Amino acid sequence: MNALLETRGLSRDFGGLRAVDRVDFSLMPGEIRALIGPNGAGKTTFVSLVCGRIEPSAGTIVFDGEDITALPAHRRVRLGIAYTFQITSVFSNLSVFDNVALAVQRTLADGRSQGRLRAGVIEALERVGLADRASLPAGQLAYGHQRLLEVAMGLALRPRLMVLDEPTQGLGDSEIENFIALAREIAASATVLLIEHNMDVVMQLAHRITVLEAGRVLAEGTPEAIRADEAVQRAYLGGGA
Amino acid sequence: MGFGPHLLLAVLEGLVTSAVLALTALGLSLVFGVMRVVNVAHGELFMLGAVLAWAVATAVGGSPALGFVAALVIAPLIVGAVAALAEQLVLRRVDYDPEATIVATIGLLYILQQLALTFYGADARPVPPPFNIRLALPWFGYSAYKLSIIATSTVLLLLSWLVLTHTRAGLIMRATQYDRETAQAFGIPVGRVYAAVFAIGAMLAAVAAVLIVPISQAHYLMGQDPLLLSFAVVIIGGLGSLRGTVVAALLIGISDGVISMFFSPTLAKLIATLAVAMVLVFRPQGLFGKAAR
Amino acid sequence: MNGSARLWLLHAAVVALLVALNFLLPAYHHGLMARILVLATFAMGYNLTFGYGGLLSLGHAMFFAAGLYGAGLGIQHLGLGVPAAFLAGLACGAALALLAGLLALRTTGVAFMIVTLMFSQAFHLAILYFSAFTGGDQGLVLRPQQRRIETALGTLDLTDPTTRYLTALALFAVVLFAMLAIVRSGFGRVLVAIRENEERARMLGYDTFASRLAALVTSGTICAAAGAAYGLLFGYVGANFASVQYSILPLLWVLLGGAATTLGPLFGTVFMYYLIDIASGYTSAYMLAVGVILILLVLFFRKGLLGTLRERWLRWLP
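Chains as they are written, first to last, in the working numbering: chain S, 1 to 241; chain U, 1001 to 1293; chain D, 2001 to 2318.
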């Protein structure tokens, strides 16, 4: 089976600092992959390179067999790479419905069909449990609900690769439980690349884990293997604990 | 007169334009550099300086030199006060939001223009030059006063450079420009610095205007060209760069002089305007500025 | 009644009221209102980029003037008829907007304001420079016989006050309903999304440059339509309409009426025009009023008439 996403020697410098350093990475279709590492390890920079929000200094990115290194971000989204923002950035002056409609209308061949637009929006909102709040301005939603709206917008793009950047940050325990269920559901139709600090979430969800440190891949493997890895423990999981 | 002398004359005229332009543009650049706002009323503050120069010189009477010197001192002070007032009453209240500031200074532009028309009238009036000496060059006579404008402007620019780089006031300005929040945290009264910078920017324009009135007369619509050309200078020279401002003022002033003499003033302005737009589109850091990383 | 029907009815009612005014207004106000309707169309075009697109242009006078001169020069030098001249005006505006947009939209914020200002200024200067062709400062006067449309049913004479008013209103109504359709369409939603958060819109797969360019070209074309109609209806093609002042005025009208509202430009234009008309009865210092109102709007009334109305009471207004 061919990898859905593959990077070769991917690097990015900010001035003198090398935020991502020659990363070779590959992701199989249907996988849930967690990306972990201490703060400043280059996780968000790495996924930003994958999504095209920033340009790489060196290296290539291949998505589903196609070299996308030079593609602008919006074209990558159209190929099926969806990104949900680490800092919630829904359109707070627009209604919840309009937020999701923006995602749905782009995937419709005929953007003018109001009926299908409505159905698509409601379906995405139902999957995250926000259907009853469709007419509220997004800015008036509670924080946890705004995170869910972000996910709904990602879902509505019908992506093949869903990049979730710290989706559980700032959520309460019960909300995290719900999110884990939602993430499993997403994984049924898309490959998931997840940046996450909450190790419980990572251990429950991830098929495989990639550990970044100082811009490089420190280790990669199953949750069990990562948990047992001494280098990872030293760098990340709290020393010799 | 042959081509050579003609060109010399054009270059001399261009140098006078450059001298006035460099001062005016420095005012605009200073305000943008420190406060990050574009003052669209800058040209009208220039106009106000010229009109006030006429008013002061007329009120003082006596010898032209006395009237001119009085105007050179008083007009910029009044213009500075007007600018400081506008800064306090309007700019501060929109919190220096860039777009709101532009709209508000457009409003100020209309107000100043109308007040000048109402109280000063639609006529163009000259201020007599402080001295009337013609230097006899082999090909044509040239006004010594015009040459003195170039000298005065050079001195003022050097002085500005010294103040900006070698005094405490300059340090405070640069600190505020660099980072408003941090400056505030270090106890710099950012509000007062802004008011002062806005006033100084206006005063530079007013000084330039007083220098030019003996040659070009004061008129209520005279603010438009200086505004346009100052924009050109600031943008082409690169923001916040004194050296860039001077180089760009020379470039634009002299090419304005040459194109105006051999072709037409309208064409000169047309070219300057398009040059500004293209520089902003393709090289936003200016021709002489360094690219932001 | 559902929301959509209510909106169309509201806008139809406004147009119906304007039709009724044709029969009710005394001659002076009738003439003034015809002018206002054309200028309100200009303001609606401006509102598409400024209000919905969040792009503060200081150069829309060039699009109005492109329509004005495209139509005027077409009649004067090519001997075009009125409909062809109108279309020529539209084409000039659209082409200029495309060119200006391709360049200016590479910049944002203050740089965009200055670039559009400079382009418009260059356009104004070009009109003055090529005075042999454009009439320079003096402009061109279109003769009454150049402003007639011969149809199978008879002659439509644009110098006749009623024809003039109704033609202006027809243009206004077409653009008003087009604006209503645009802002309620997917494209309108995308435009607002880009204004609110460009980066997020891009990560939903939108080519934000292309969307903005489409908005600017549409806006430029509408403004050119207003300019062409102004020349044809009132018979004068002047360089004054390309000056900075005519870039500032639509900004003022839209700010006053309410940016990003469909009916705001009409109310802003009517209000401002009558204010100046009344003020000029007492004083010649009408520019003072323009200046003071601009500053007051920025200080205390950022959302304008309909924007405030929508925020406080009528959330459903488009």
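The C-beta atom is built at its ideal place from N, Cα and C for all residues, glycine as well. Given the structure is predicted, the values throughout are model-derived calculations rather than measurements.
{"Asked": "Check whether the Cβ of M2321 of chain D lies closer than 8 Å to any Cβ atom in chain U.", "Found": "The structure shown does not extend to residue 2321 of chain D, since chain D is modelled only from 2001 through 2318, so no value can be given for it."}
{"Asked": "Quick one: using the 10 Å Cβ neighbour count with 16 as the cut-off for buried, is A2012 of chain D buried or exposed?", "Found": "exposed"}
{"Asked": "For Y2206 of chain D, which residues in chain S fall below 9 Å Cβ to Cβ?", "Found": "H74, V77, L102, R106"}
{"Asked": "Between L2068 of chain D and F2241 of chain D, how many whole angstroms is the CB-CB distance? I'm expecting something under 8 Å.", "Found": "6 Å"}
{"Asked": "Since L2087 of chain D is in the alpha helix (DSSP H), which residue starts that stretch and which ends it?", "Found": "2082–2104"}
{"Asked": "Using 8 Å for Cβ pairs, my map puts E1044 of chain U next to Q1113 of chain U. What's the rounded Cβ distance?", "Found": "6 Å"}
{"Asked": "With a threshold of 8 Å on Cβ separation, who are the neighbours of A1292 of chain U within its own chain once the five nearest residues in sequence on each side are excluded?", "Found": "Its pLDDT being 43, under 50, A1292 of chain U is placed unreliably by the model, and the measurement read from it follows with that caveat. If we look at A1292 of chain U and ignore the five residues flanking it on each side, its Cβ neighbours are Q1285."}
{"Asked": "R2212 of chain D touches chain U at which residues, Cβ-Cβ below 9 Å?", "Found": "The premise fails here: R2212 of chain D is roughly 15 Å from chain U at the closest Cβ pair, so nothing lies under 9 Å."}
{"Asked": "If we count Cβ pairs, one from each stretch, closer than 8 Å, do we get three or more for the stretch 2055–2071 of chain D versus the stretch 2108–2122 of chain D?", "Found": "yes"}
{"Asked": "Please return the same chain residues whose Cβ sits closer than 8 Å to the Cβ of S95 of chain S, not counting the five positions on each side in sequence.", "Found": "A134, S135, L136, P137, A138"}
{"Asked": "Which residue's Cα is closest to the Cα of L1030 of chain U: U:I1106, U:M1203, U:T1058?", "Found": "U:M1203"}
{"Asked": "Within a Cβ cutoff of 6 Å, which residues of the same chain sit near A2228 of chain D, ignoring the five residues on either side of it in sequence?", "Found": "G2067, A2071, F2086, G2089"}
{"Asked": "I need the straight-line Cα distance from D200 of chain S to Q233 of chain S, nearest angstrom please.", "Found": "15 Å"}
{"Asked": "Express the C-alpha separation of A1144 of chain U and A1100 of chain U in angstroms, rounding to a whole number.", "Found": "44 Å"}
{"Asked": "Which of helix, strand or coil does DSSP assign to M162 of chain S?", "Found": "strand"}
{"Asked": "Quick one: what does DSSP say V217 of chain S is sitting in, helix, strand or coil?", "Found": "strand"}
{"Asked": "Starting from V2237 of chain D, follow its DSSP beta bridges and name the residues at the other end.", "Found": "D:L2140"}
{"Asked": "Assuming I1078 of chain U is part of the beta strand (DSSP E), what are its boundary residues?", "Found": "Where I1078 of chain U is concerned, there is no enclosing beta strand (DSSP E), although the alpha helix (DSSP H) it sits in stretches over 1064–1086."}
{"Asked": "Would the beta-carbon of F97 of chain S fall within 8 Å of that of N2197 of chain D?", "Found": "no"}
{"Asked": "Compute the Euclidean distance between the alpha carbons of G2081 of chain D and A1268 of chain U, then round it to the nearest angstrom.", "Found": "36 Å"}
{"Asked": "Could you tell me which chain S residues have their CB closer than 9 Å to the CB of G2186 of chain D, listed as they occur along the chain?", "Found": "A101, L102, Q105, R106, L108, G111, R112, L117"}
{"Asked": "Between the stretch 1007–1023 of chain U and the stretch 1241–1259 of chain U, do at least 3 Cβ pairs fall closer than 8 Å?", "Found": "yes"}
{"Asked": "On the three-state DSSP scale, how would you describe A1041 of chain U?", "Found": "coil"}
{"Asked": "Compare the C-beta of R2202 of chain D with all C-beta atoms of chain S and state if any pair is closer than 8 Å.", "Found": "yes"}
{"Asked": "Buried or exposed for E2150 of chain D, please, with buried defined as at least 16 other CB atoms from any protein chain shown within 10 angstroms of its CB.", "Found": "exposed"}
{"Asked": "Is there a C-beta anywhere in chain S that falls below 8 Å from the one on F2189 of chain D?", "Found": "In the sequence on display, residue 2189 of chain D carries Arg and not Phe. So, interface residue."}
{"Asked": "Taking Cβ-Cβ distances shorter than 9 Å, what residues in chain D pair up with N93 of chain S?", "Found": "V2192, E2196"}
{"Asked": "Give me whichever residues DSSP pairs with P137 of chain S in a beta bridge.", "Found": "S:S95"}
{"Asked": "Hey, is Y1096 of chain U's beta-carbon within less than 8 Å of any beta-carbon in chain D?", "Found": "no"}
{"Asked": "Start and end of the alpha helix (DSSP H) containing I1118 of chain U?", "Found": "The sequence given here has Thr at residue 1118 of chain U, not Ile. It spans 1098–1120 - the alpha helix (DSSP H) in which T1118 of chain U sits, taken as one unbroken run."}
{"Asked": "What does a CB cutoff of less than 8 Å around P1098 of chain U pick up in its chain, not counting 5 residues either side in sequence?", "Found": "R1036, V1037, V1038"}
{"Asked": "Give the secondary structure of E6 of chain S by DSSP, where H, G and I count as helix, E and B as strand, and everything else as coil.", "Found": "strand"}
{"Asked": "Rounded to the nearest angstrom, what separates S11 of chain S and A73 of chain S at their Cα positions?", "Found": "17 Å"}
{"Asked": "Listed in chain order, which residues of the stretch 2107–2132 of chain D have Cβ atoms closer than 7 Å to some Cβ of chain U?", "Found": "T2107, G2109, V2110, A2111, M2113, I2114, V2115, M2118, F2119, Q2121, A2122, L2125, A2126, L2128, Y2129"}
{"Asked": "Any beta-carbon of chain D closer than 8 Å to the one on I1106 of chain U?", "Found": "yes"}
{"Asked": "Might you give, ordered along the chain, the residues of its own chain that have their beta carbon closer than 6 Å to the beta carbon of V1051 of chain U, omitting 5 neighbours on each side?", "Found": "A1116, Y1120, A1218"}
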